[in-house]
Every structure is written in structure tokens, then in C-alpha cells.
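The structure under discussion appears below in the form of C-alpha cells.
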Amino acid sequence: MSKLNIKPASECKYDIVSLGEVMLRLDPGEGRIHTSRQFTAWEGGGEYNVARGLRRCFAKRAAVVTALADNPVGRLVEDLILQGGVDTSHIKWDKYDGCGRDTRNGLNFTERGFGIRGAVGCSDRGNTAVSQLKEGDIDWEGIFSSGVQWFHTGGIFAALSETTPAVVIEAMKAAKKYGTIISYDLNYRPSLWKAIGGEAKAQEVNKEIAQYVDVMIGNEEDFTACLGFEVEGTDENLTDLETESFKKMIKKATAAFPNFKATATTLRGVKSATVNDWGAISWYDGEIFEAQHRPNLEIMDRVGGGDSFASGLIYGFLTFNDADKAVNYGAAHGALAMTTPGDTTMVSLAEVEKIVGGGGARVDR
Numbered sequence: 001m002s003k004l005n006i007k008p009a010s011e012c013k014y015d016i017v018s019l020g021e022v023m024l025r026l027d028p029g030e031g032r033i034h035t036s037r038q039f040t041a042w043e044g045g046g047e048y049n050v051a052r053g054l055r056r057c058f059a060k061r062a063a064v065v066t067a068l069a070d071n072p073v074g075r076l077v078e079d080l081i082l083q084g085g086v087d088t089s090h091i092k093w094d095k096y097d098g099c100g101r102d103t104r105n106g107l108n109f110t111e112r113g114f115g116i117r118g119a120v121g122c123s124d125r126g127n128t129a130v131s132q133l134k135e136g137d138i139d140w141e142g143i144f145s146s147g148v149q150w151f152h153t154g155g156i157f158a159a160l161s162e163t164t165p166a167v168v169i170e171a172m173k174a175a176k177k178y179g180t181i182i183s184y185d186l187n188y189r190p191s192l193w194k195a196i197g198g199e200a201k202a203q204e205v206n207k208e209i210a211q212y213v214d215v216m217i218g219n220e221e222d223f224t225a226c227l228g229f230e231v232e233g234t235d236e237n238l239t240d241l242e243t244e245s246f247k248k249m250i251k252k253a254t255a256a257f258p259n260f261k262a263t264a265t266t267l268r269g270v271k272s273a274t275v276n277d278w279g280a281i282s283w284y285d286g287e288i289f290e291a292q293h294r295p296n297l298e299i300m301d302r303v304g305g306g307d308s309f310a311s312g313l314i315y316g317f318l319t320f321n322d323a324d325k326a327v328n329y330g331a332a333h334g335a336l337a338m339t340t341p342g343d344t345t346m347v348s349l350a351e352v353e354k355i356v357g358g359g360g361a362r363v364d365r
């Protein structure tokens, strides 16, 4: 099994480029969407969150490829992206028609949940600019010829429309041409696939995309719904996949897709909205690597925890090319990111390294 051959940073303009939708997240804080009279605005999106985490926490050179309608909401999203330090030069701006008939920007109302009340997401993302991206809209040749160490995208973007899977494949082909490592987070969302063919369509699309992926990220539901690999013996009251079934599933997946050089997933046992068991596991070069298991992890806002895991995982590979360090940096970053509100990280590298090194929550003075 071949290992990751990562291009030297000195030969690249970017360490990470992500492709995906960036929505405006409207957060009622400790309240509920349907009763709130005020919302905090954040930016967020599954694929974008990974690039932002790598820039903001890990000081990597990051860019996002997306599309926005050129109106004040789109410019607010741009401003939030800029505050996160992510390069916006590859945003495609679509002309706004005044009311969103032709194109608009996505909104994501998200409440955090507490105790026995789970988190709730209410997306308003139909007919968005990014969902209308098609082949030829982005100069992938120009992006990857300038040098990119790592490209990341995922199943949320692929599910946005009939045209977005082709954009993913177009980008991946260009990335392969220039030796960029490709990661993909399956991130199965039934609500996105429902109107365009459901699980059958998800498998059709993701099985084609998977042929180009070096590092595949996803939990047991993702691998089953998107790639058709059944996982036995899991229980949502226990940490996901912490059984031999994960290893069996990986053997099936890597046999079907020998291009996979690594796979990884978080392990989450949901006890309540605010207390989860948390860990992570990865497969690399024929070996299984497990991060430190953290039972009874207290959570403020779980949204974005998986994306922060992915950014920590990628950082571990980019910096050390070490699978054990990668899964532990990912698990630590994901755990810390869920202690603050919003989709995106507010964590420092020093805090991640403290947790990786076995540190705890004693006061830092």
C-alpha cells in the first residue's frame, strides 16, 4: 500500500484549498430558532471549515473555492471569511437579481441543543450561487499549477445539485495532475440527497468520486449510505465503530478502492447533546491508529467538530506525515472546537498540543 507523497510546502502557493458552500450561520445562542429575537452571525460550511481551521489554528496557507451572490449578505460572508485569514481570490461572484430568483446566498439557522434536547439545524440554501457551479466555471488548472499540497472537499457540496459532482471530479482530476493530495469527507446528509434520488443517488455519485480520493473521511453511516459498505455491531449509545466491524469495513473499502491511502473517522457516543464520548480512529498503510478516547466530553456546540477533526488530521499529515499524530491532533482539535460556539475553530495550536500531550483543563495563568 503506497503512502502519502506530499509535495514540499516550498514548491506550493497553498497548503490547503477547499471546495464547498459557505453559508451565513444564524445562531440563537442558548435559545431556540423559533422563539429567538436576535441571532449571532457566523460563517460556516463543511468543506470550508476545514480550510479555515488549518489557517486559523494551524497557520497553514488556505484558500476556499466557492460562489456567492454579489449582494450585502454575500459580502458579509466574504468579510467573515477574510477575518478567518482564508484567501478569497477564488470566489466566483454571481450577479444578484434583486430578490434571489436566479441566485442567492445560503442561510443556516442552528441551535446548539442542551441535555436531552438535541441540536437543530434549519438550512435555507435552495438555488444558491454555489449550487449552480458547473464544469468550466473554475480555473482549476491555474489553481493547482501554482502548487497546492492538499485539496479537500466533500459530500455536502456534491449533494447540492445535479452539476456539483462534475465540479468535484473536474477539480480532483486537476489536483491529481499536479500531485496534490485529495481528501473527501463523505458527510452524508439525507435531507440534501432526498430530492435528487436519495441513498441510491448518493452511492452513484460518491462511488465515482471515491476513485480519485487519497484520504477518505466518514463514519459508519457515511460509508454505508454513500459507498454501500455495511457495518455491523455498532450502537449509538457506545462510541461509534469502536469494534472489529470498523476494521472489517476498512478492508472492504480499501479492496474496492485501492487508491485510498488513508481513511479516518471520529468516534462519537451520544449520551446527551452536551455530553458525548469522543475519540477517533484511522487506517493508514495497512495499520489501525486510535486517538486517545475521551469519555463524557462536555460540549458547548457540536457543529463543526468533525470538520475540526479533519483539519487537525490533515495538519498531522502535512506537518509530520505520521498517521498516529494525525489522528490524535484531529481528535484533540475536534474536541476543543466543540467547547466554543459557531462552526469554526477558536483554538490555538498550543492548546491542541497541550491536549495531545495529555494536558487537561487546569487554569492557564
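In UniProt numbering, the protein residues as written are 1 to 365. Built from N, CA and C at the ideal position, the CB exists for glycine as well.
Which of helix, strand or coil DSSP assigns to residue i
i	result
S18	strand
I143	helix
L160	coil
I217	strand
D301	coil
Y184	strand
T319	helix
P28	coil
P295	strand
V168	helix
E11	helix
A62	strand
D87	strand
M346	coil
R101	coil
T224	helix
V135	Looking at the sequence shown, residue 135 is not Val but Glu. Residue state, collapsed to three classes: coil.
G306	helix
K3	coil
G359	coil
F246	helix
E199	helix
T254	helix
G179	coil
E204	helix
Boundaries of the alpha helix (DSSP H) in which residue i is found, first to last residue
i	result
N328	A323 to A337
K261	Unbroken run through K261: none, as it is neither H nor E.
V352	L349 to V356
L192	P190 to W193
Limits of the beta strand (DSSP E) - the one that residue i falls within
i	result
S282	V275 to Y284
D79	No beta strand (DSSP E) contains D79, which is instead part of the alpha helix (DSSP H) from P72 to Q83.
V130	Careful: V130 lies outside any beta strand (DSSP E) and carries neither H nor E.
H152	V148 to G154
I33	Premise fails: I33 is in no beta strand (DSSP E) and is neither H nor E.
E287	E287 to E290
Residues that DSSP places opposite residue i in a beta bridge
i	result
M23	G44
C122	F109
G269	D277
I209	Answer is none; I209 lacks a bridge partner.
K92	A67
F114	R117
Beta-carbon proximity list for residue i, same chain, < 6 Å, skipping 5 on both sides
i	result
N71	Y96
K134	T163
H90	A63 and V65
I355	A332
M172	I182 and Y212
M1	At M1 the pLDDT is 45, less than 50, meaning the model places this residue with poor confidence and gives no usable figure here.
I217	D185, A264 and A310
T35	none
Chain-order list of residues whose beta-carbon lies under 8 Å from that of residue i (same chain, five-residue window excluded)
i	result
N206	G155, A158, L186, C226 and L227
T340	M300, D301, M346 and V347
D51	The displayed chain sequence assigns Ala, not Asp, to residue 51. Closer than 8 Å at Cβ, skipping near neighbours: I16, V17, S18, A62, A63, V64, V86, H152 and S311.
G84	E43, R52, R55, R56 and T344
N105	M23, L24, L68, A69, N71, V73, G74, V77, T128 and A129
K252	F229
R117	A273
R125	E21, M23, G106, L107, N108, S131 and L160
T254	M1, F260, T263 and W283
G197	E204
Own chain residues within Cβ distance below 7 Å of residue i, not counting five before or after
i	result
C122	I33 and F109
L336	V347, E351, V352 and I355
I81	V22, E43, V64 and T88
R189	I156 and A159
G45	G20, E21, V22 and M23
E141	A174
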